[in-house]
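Below: one structure, written as structure tokens.
2 protein chains.
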Amino acid sequence: MTLGIIGLGLMGGSLGMDLRQLPFVNEVIGHDHNASHCDTALELGLVDRVVDFDTVLQCDTIFLSVPVDGIMSILQQMPGRINADATVIDLGSTKARIVESIPESIRHNVIAAHPMTGTENFGPQAAVSGLYRDKVVVLCDMADSGKPQQETAVRLFSGLHMRLHYMRAHDHDRHAAFISHMPHAISYSLANTVLNQEDKYNILALAAGGFRSMSRLAKSSPNMWEDIFRQNKEHLLEAISLFENELDAMKKAIKEEAWQEVHDRLETGKKLHEILL
Amino acid sequence: MTLGIIGLGLMGGSLGMDLRQLPFVNEVIGHDHNASHCDTALELGLVDRVVDFDTVLQCDTIFLSVPVDGIMSILQQMPGRINADATVIDLGSTKARIVESIPESIRHNVIAAHPMTGTENFGPQAAVSGLYRDKVVVLCDMADSGKPQQETAVRLFSGLHMRLHYMRAHDHDRHAAFISHMPHAISYSLANTVLNQEDKYNILALAAGGFRSMSRLAKSSPNMWEDIFRQNKEHLLEAISLFENELDAMKKAIKEEAWQEVHDRLETGKKLHEILL
Numbered sequence: 001m002t003l004g005i006i007g008l009g010l011m012g013g014s015l016g017m018d019l020r021q022l023p024f025v026n027e028v029i030g031h032d033h034n035a036s037h038c039d040t041a042l043e044l045g046l047v048d049r050v051v052d053f054d055t056v057l058q059c060d061t062i063f064l065s066v067p068v069d070g071i072m073s074i075l076q077q078m079p080g081r082i083n084a085d086a087t088v089i090d091l092g093s094t095k096a097r098i099v100e101s102i103p104e105s106i107r108h109n110v111i112a113a114h115p116m117t118g119t120e121n122f123g124p125q126a127a128v129s130g131l132y133r134d135k136v137v138v139l140c141d142m143a144d145s146g147k148p149q150q151e152t153a154v155r156l157f158s159g160l161h162m163r164l165h166y167m168r169a170h171d172h173d174r175h176a177a178f179i180s181h182m183p184h185a186i187s188y189s190l191a192n193t194v195l196n197q198e199d200k201y202n203i204l205a206l207a208a209g210g211f212r213s214m215s216r217l218a219k220s221s222p223n224m225w226e227d228i229f230r231q232n233k234e235h236l237l238e239a240i241s242l243f244e245n246e247l248d249a250m251k252k253a254i255k256e257e258a259w260q261e262v263h264d265r266l267e268t269g270k271k272l273h274e275i276l277l
Numbered sequence: 001m002t003l004g005i006i007g008l009g010l011m012g013g014s015l016g017m018d019l020r021q022l023p024f025v026n027e028v029i030g031h032d033h034n035a036s037h038c039d040t041a042l043e044l045g046l047v048d049r050v051v052d053f054d055t056v057l058q059c060d061t062i063f064l065s066v067p068v069d070g071i072m073s074i075l076q077q078m079p080g081r082i083n084a085d086a087t088v089i090d091l092g093s094t095k096a097r098i099v100e101s102i103p104e105s106i107r108h109n110v111i112a113a114h115p116m117t118g119t120e121n122f123g124p125q126a127a128v129s130g131l132y133r134d135k136v137v138v139l140c141d142m143a144d145s146g147k148p149q150q151e152t153a154v155r156l157f158s159g160l161h162m163r164l165h166y167m168r169a170h171d172h173d174r175h176a177a178f179i180s181h182m183p184h185a186i187s188y189s190l191a192n193t194v195l196n197q198e199d200k201y202n203i204l205a206l207a208a209g210g211f212r213s214m215s216r217l218a219k220s221s222p223n224m225w226e227d228i229f230r231q232n233k234e235h236l237l238e239a240i241s242l243f244e245n246e247l248d249a250m251k252k253a254i255k256e257e258a259w260q261e262v263h264d265r266l267e268t269g270k271k272l273h274e275i276l277l
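Chains as they are written, first to last, in UniProt numbering: chain A, 1 to 277; chain B, 1 to 277.
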């Protein structure tokens with residue numbers, strides 16, 4: 001099978017690196033509208049070769065690893081240009097709007113997937129082998145995809161040693177808001193809070209592991225996250241509001257010196273790590 | 001010099017482990033009101049021996065590595081019981097209230113220090129060698145400590161390869177609220193937000209590195225953090241309020257689809273990592 005990857009950043013580049021090792025993959029072909037990404041991907045051996053947009057659409061299987069808005073735009077251009085039995089796997093971080101946007105004539109070709117992995121780095125130079133190994137991939141609304149396409153997707157993600165979860169696109173988006181999108185909004189806001197302090201240099205001189213851990217996500221790509229926030233707006237707003245309620249209740253308890261309540265809130269929060277596998 | 005460590009948890013235990021290696025340290029003596037901590041500390045070789053409270057007060061230098069309320073209580077018991085030229089180094093996470101509480105007769109004996117290190121684990125079994133190496137230690141209101149005590153503290157922290165910062169206790173507490181205490185309040189509140197969701201198991205099944213990084217601090221000891229929140233109440237409330245304003249502004253921009261503003265907020269947050277050394 002020939003594989004095409006559209007978008008040779010962290011996700012697409014790391015994918016190419018490991019898919020090239022699979023015995024049933026003949027060739028991994030890349031495409032990216034950014035010429036320097038193409039050069040870097042070739043230099044680092046993330047793909048076998050780089051081709052134009054029309055050529056990458058001829059692959060047996062095509063991964064879409066560009067920001068969500070880009071995925072929706074590419075899907076609109078696919079009818080009549082991909083092979084009738086092609087498998088198109090979108091790796092977007094939000095799923096409901098992507099799934100709704102798939103043109104009816106290629107609905108059976110498309111697999112809506114979200115691999116729950118990544119790092120705060122981006123671009124092809126950030127690609128690492130093993131990024132997908134042992135991680136969860138969420139497959140959304142799979143019954144709407146064709147049988148051969150389902151089989152191809154399962155074969156490829158299993159080849160990457162991923163753990164497959166099946167979910168409705170709407171549920172995925174709500175879960176992702178809590179587990180990923182809202183925490184990113186927090187991390188950026190925490191960074192801004194400290195940066196707005198007059199003595200930020202003194203404050204940051206004291207930064208230990210805890211602060212680094214909480215602010216790490218604010219290293220991520222603003223373009224990508226603006227896009228995700230836009231796509232998952234309603235769920236994200238709900239998650240932020242619920243978090244604000246929690247933090248505000250903690251603040252109120254501290255203000256009123258209700259130390260038993262503060263303690264209880266810390267104890268219940270700590271229980272997270274009994275079920276976080 | 002003989003060193004005493006009161007409190008054989010993560011901080012005291014890790015300290016004993018590395019201080020025992022220093023050539024000018026003859027013996028490291030431990031004390032903890034928790035008998036099982038004493039047993040574990042001896043088994044793991046964190047201290048040379050364990051003694052009662054009166055005996056540990058006879059050491060040349062005494063580290064106080066218990067929660068802040070405990071430090072204040074111990075300081076009240078020291079006048080007349082420690083050697084006239086003893087050095088007492090408190091390692092509490094908040095400083096202003098500790099410094100204010102030092103009895104006048106032993107003010108010159110006491111060094112108010114805060115090593116900016118730790119892990120989310122606690123107890124002597126969590127002790128690790130190298131916990132202090134290359135980390136910042138904040139030394140507060142040093143001019144109020146005696147000259148010999150200042151020299152001893154510098155010698156010991158330098159022996160641990162720490163980076164020394166000098167600061168007023170009040171400034172330390174405000175900085176620590178932003179860099180450490182408020183981020184802990186966020187992490188626990190994030191954990192509670194997810195745990196309050198009906199489908200928390202489904203959500204947590206998707207947890208990747210980002211969420212783990214943001215919720216890691218919520219593994220910390222509730223006893224210790226209740227104590228710190230109480231000691232640094234005013235600065236913590238200020239820091240939480242400023243963070244809430246930031247997050248709320250982000251939420252408002254998302255709600256109003258002011259995407260350029262969202263993007264700008266992400267871009268400015270990202271700049272943190274240009275100055276976070």
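Ideal Cβ positions, reconstructed from N, Cα and C, are used throughout, including at glycine.
Per-residue burial, residue i [other beta carbons within 10 Å of its own, 16 or more giving buried]
i: Lys135/B; result: buried
i: Gly45/B; result: exposed
i: Tyr132/A; result: buried
i: residue 344/A; result: The structure shown has nothing for residue 344/A, since chain A only spans 1 to 277.
i: Glu256/A; result: exposed
i: Pro183/B; result: buried
i: Phe24/B; result: exposed
i: Thr55/A; result: exposed
i: Glu198/B; result: exposed
i: Pro148/B; result: exposed
i: Asn83/A; result: exposed
i: Gly9/B; result: buried
i: Pro124/B; result: buried
i: Tyr188/B; result: buried
i: Ser129/A; result: exposed
Local conformation of residue i per DSSP, three classes
i: Ala143/B; result: helix
i: Ala191/A; result: helix
i: Asp90/A; result: strand
i: Arg168/A; result: coil
i: Pro115/B; result: strand
i: Leu206/B; result: coil
i: Val99/A; result: helix
i: Leu82/A; result: Leu is not the amino acid found at residue 82/A; the sequence shown has Ile there. Here Ile82/A sits in coil by DSSP.
i: Gln197/B; result: coil
i: Ala249/B; result: helix
i: Lys271/A; result: coil
i: Pro67/A; result: coil
i: residue 280/A; result: Residue 280/A lies beyond the residue range present for chain A, which begins at 1 and ends at 277; the question has no answer from this structure.
i: Phe211/B; result: helix
i: Leu15/A; result: helix
i: Phe24/B; result: coil
i: Asn232/B; result: coil
i: Leu75/B; result: helix
i: Glu244/A; result: helix
i: Leu237/A; result: helix
i: Ser221/B; result: coil
For residue i, the residue or residues it bridges with in DSSP
i: His31/B; result: Ile6/B
i: Arg49/B; result: Ile29/B
i: Val136/B; result: Arg163/B
i: Val110/B; result: Val88/B
i: Ile62/B; result: Gly4/B and Val88/B
The ligand GDP heavy atom lying under 7 Å from the CB of residue i
i: Pro148/B; result: Summarising the ligand content, the structure contains no ligands, and the ligand GDP is consequently not present.
> According to a CB-to-CB cut-off of less than 7 Å, which residues of the region 220-247 of chain B neighbour chain A?
Replying inline: Cβ contacts with chain A come from Pro222, Trp225, Glu226, Phe229, Arg230, Lys233, Leu236, Leu237, Ile240, Leu242, Phe243, Glu244, Glu246 and Leu247.
>> I'd like to know if the region 176-187 of chain B and the region 229-239 of chain B are in contact, where contact means that at least 3 CB-CB pairs between them fall below 8 Å.
In response: A contact exists between the region 176-187 of chain B and the region 229-239 of chain B.
>> Using 8 Å as the cut-off, can you tell me whether the region 212-219 of chain A makes contact with the region 202-216 of chain B, which would need three or more C-beta pairs spanning the two stretches below that distance?
In response: Taking 8 Å as the limit for Cβ pairs, the verdict is that the region 202-216 of chain B does touch the region 212-219 of chain A.
> Between the region 190-205 of chain B and chain A, which residues of the former have CB atoms less than 9 Å from a CB of the latter, in chain order?
Replying inline: Correct list: Leu190, Ala191, Asn192, Thr193, Val194, Leu195, Asn196, Gln197, Asp199, Lys200, Tyr201, Asn202, Ile203, Leu204 and Ala205.
>> Check whether the region 1-13 of chain A and the region 41-57 of chain A touch, using three or more Cβ-Cβ pairs below 8 Å as the test.
In response: Segments in contact, yes.
> For the region 61-71 of chain B against the region 10-18 of chain B, are there 3 or more C-beta pairs whose distance is under 8 Å?
Replying inline: The answer is yes - the region 10-18 of chain B touches the region 61-71 of chain B, with three or more Cβ pairs under 8 Å.
> Name the residues in the region 153-167 of chain B whose C-beta lies less than 8 Å from a C-beta of chain A; which are they?
Replying inline: Here the close residues are His165 and Met167.
> Per the contact definition of three or more C-beta pairs closer than 8 Å, is the region 250-264 of chain A in contact with the region 193-210 of chain A?
Replying inline: The answer is no - the region 250-264 of chain A does not touch the region 193-210 of chain A, with fewer than three Cβ pairs under 8 Å.
> Taking three-plus beta-carbon pairs below 8 Å as touching, is the region 182-197 of chain A in contact with the region 157-168 of chain A?
Replying inline: Contact between the region 182-197 of chain A and the region 157-168 of chain A is absent, with fewer than three C-beta pairs closer than 8 Å.
>> I want to know whether the region 82-92 of chain A touches the region 106-123 of chain A - three or more CB-CB distances under 8 Å.
In response: Yes, the region 82-92 of chain A touches the region 106-123 of chain A.
> Can you list, in chain order, the residues of the region 2-19 of chain B whose Cβ is nearer than 7 Å to any Cβ on chain A?
Replying inline: Flagged: no residues at all.
> Taking Cβ-Cβ distances below 8 Å as the criterion, which residues of the region 134-148 of chain B are in contact with chain A?
Replying inline: Under the 8 Å Cβ criterion, the region 134-148 of chain B contributes Lys135, Val136 and Val138.
> Taking Cβ-Cβ distances below 8 Å as the criterion, which residues of the region 259-272 of chain A are in contact with chain B?
Replying inline: Within the region 259-272 of chain A, the residues whose Cβ lies closer than 8 Å to any Cβ of chain B are, in chain order, Trp259, Val262, His263, Arg265, Leu266, Glu267, Thr268, Gly269, Lys270, Lys271 and Leu272.
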